[in-house]
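Here's the structure, in structure tokens; my notes come after.
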Amino acid sequence: MQVEIEKHPEWMIVRLGEPRVDAHNSDALKERFQKLLESGEKRLLVDLSQVRFIDSSGLGALLSGYKNANLHQGTLALAGLQPRVKEMFELTRLNRVFEVYSSVDEAIGKQS
Amino acid sequence: MSDIEVDILVPNQTRYLSLIGSIGEAIGRELDRYQGDREALAYHLNLVLTEALANAIRHAHCADVHKTVRVEIHVDPDCLCIKVHDQGQGFDLKALPEMPPDPCFEHGRGLFLIRCLMDEVEYQRGVDGNVLVMKKRLG
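Protein chains in written order, with my numbering: chain U, 1 to 112; chain Y, 1001 to 1139.
Written as structure tokens, this is what we have:
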């Protein structure tokens, strides 16, 4: 799983560099969230703008990160969902769980 | 477009999900007889193939790399039918709830999504193996 991490005053931005998040790479993503949270990061913003495909395992990895962040008194938000990816969140009603921003810029703007 | 018949044996490894999903997506894009949004159909076929194959690999075949999964795709004038075969213990599809899983659960959305996106879904259990049959009407 290609991931770029960028520190911002309000968020730790996690940019996913893969076009697909599925059962093949979702465990690696879950572990990445786990490590970031264990290292003390509390506010993760996952940039999904490069992800054009997500399956139920990918949704599960993001949900795992969200629950884990809550356990660490933190949060995990999403940004930059492409329309088909957004549809998967809507079908499963997980759009009601996550804080979702149209882009990383919007998330950063909201915090400043 | 004339009828399409695809019959593939896929190694039991999740690294092939993308390949098989993309075959479904490419077929979806070519279905000019489909009256709806073809780009959406293409994505949905990628998704249902990915979900069904992942279930067979991980749950039915317990990630045993020596096994294979047979995937069939058949397109006729009115219907697209996908069959994903497994040699696992099988499960009762009718016993699974049709509502989305509780937002707290990290698993269990694959078959829910397949049911949302396809017109008919059934799981046939047999002594020589099981098959998940997913159909999409094209008319």
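Virtual Cβ for every residue (Gly too), placed ideally from N, Cα, C.
In this text, all values refer to a predicted model and were calculated from it rather than measured experimentally.
- Annotation: Cβ neighbours of Ala23 of chain U in chain Y (cutoff 7 Å, chain order): Thr1014, Leu1017, Ala1054, Arg1058.
- Within a 10 Å sphere around the beta-carbon of Ser64 of chain U sit 16 or more other beta-carbons, which makes this residue buried.
- Contact annotation: in the segment 53 to 70 of chain U, residues whose CB is within less than 7 Å of a CB in chain Y are Phe53, Asp55, Ser56, Ser57, Leu59, Gly60, Leu63, Ser64.
- Inclusion of Glu1030 of chain Y and Leu1045 of chain Y in the CB contact set at 8 Å is not warranted, their separation being larger than that value.
- The DSSP-derived three-state label of Glu1039 of chain Y is helix.
- Arg1137 of chain Y counts as exposed, since fewer than 16 other C-beta atoms from the protein chains shown sit within 10 angstroms of its C-beta.
- Against chain Y, the beta carbon of Leu78 of chain U has no neighbour under 8 Å; the closest one sits roughly 14 Å away.
- Annotation: Glu41 of chain U to Glu31 of chain U spans about 14 Å, alpha carbon to alpha carbon.
- Any Cβ of chain Y closer than 8 Å to the Cβ of Arg43 of chain U would place that residue at the interface, and such an atom is absent.
- Under a 10 Å Cβ-count criterion, Val1048 of chain Y is classified as buried, with 16 or more other Cβ atoms of the shown protein chains found around its own Cβ.
- Using a Cβ distance threshold of 8 Å, Asn1130 of chain Y and Lys1067 of chain Y do not count as a contacting pair.
- Per DSSP, Tyr1016 of chain Y lies in no beta strand (DSSP E) segment and is marked neither H nor E.
- The beta carbon of Thr75 of chain U sits no closer than 8 Å to any beta carbon of chain Y.
- Assigned with DSSP and collapsed to three states, Tyr1034 of chain Y falls in coil, not helix or strand.
- Residue-level contact by beta carbon holds for Arg93 of chain U and chain Y, with a gap shorter than 8 Å.
- With respect to Val1084 of chain Y, Ala1052 of chain Y sits close: the two C-beta atoms are nearer than 8 Å.
- Under the 8 Å criterion on CB atoms, Leu1113 of chain Y is classed as interfacial with respect to chain U.
- The Cβ-Cβ distance between Gly58 of chain U and Asp22 of chain U falls below 8 Å.
- Taking 8 Å as the threshold, the shortest C-beta distance from Leu1041 of chain Y to chain U does not fall below it.
- Secondary structure within the segment 25 to 70 of chain U: the beta strand (DSSP E) runs of 3 or more consecutive residues, fully enclosed, are 43 to 47 (chain order).
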